[in-house]
Amino acid sequence: MANHPSAIKRHRQSLKAQARNKAIKTRIKNAVKAVRQAVEQNDQEQARAGLIQATAVLDKAAGKKVIHWGNAARKVSRLTAAVNNMQA
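Residue numbers (my numbering): 1 to 88.
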């Protein structure tokens, strides 16, 4: 552990950021999982509602730089394709 006051503060800040990022990533995983389960159960209404929520969560995480914007865009694209393919 660091001894310098600024290094101690920086460590404290990094722990807070780590906890915040972990919470956001968990929220992403849960939102994506909800959409995937709805698609597997062939529940269109639940899938569409989950897709809207998952898109919002992913976009917010990308905006805060928790995940890369391309990663978020890819996840949204694949979820959207899965939901749209339910109709076919």
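Quick reminder that beta carbons are idealized off the backbone N, C-alpha and C, glycines included.
With 16 or more other Cβ atoms inside 10 Å of its own Cβ, G50 counts as buried. For the segment 32 to 72, the full-length alpha helix (DSSP H) segments reaching 4 residues or more read 44 to 63 along the chain. The C-beta distance from N21 to V66 rounds to 5 Å, short enough to fall under 8 Å.
In the structure shown, H4 falls within a coil segment according to DSSP collapsed to helix, strand and coil.
Of the residues H11, A56, A17, the one whose Cα lies closest to the Cα of V32 is A56.
Distance from the Cα of M86 is smallest, within the candidate group D59, D43, P5, for D43. R36 and N84 have their C-alpha atoms some 12 Å from each other. Minimum Cα-Cα distance from D59 among the listed residues A47, A73, K16 corresponds to A73. Excluding sequence positions up to five before and after K25, its CB lies within less than 8 Å of the CB of A61, V66, I67, all in the same chain and listed in chain order.
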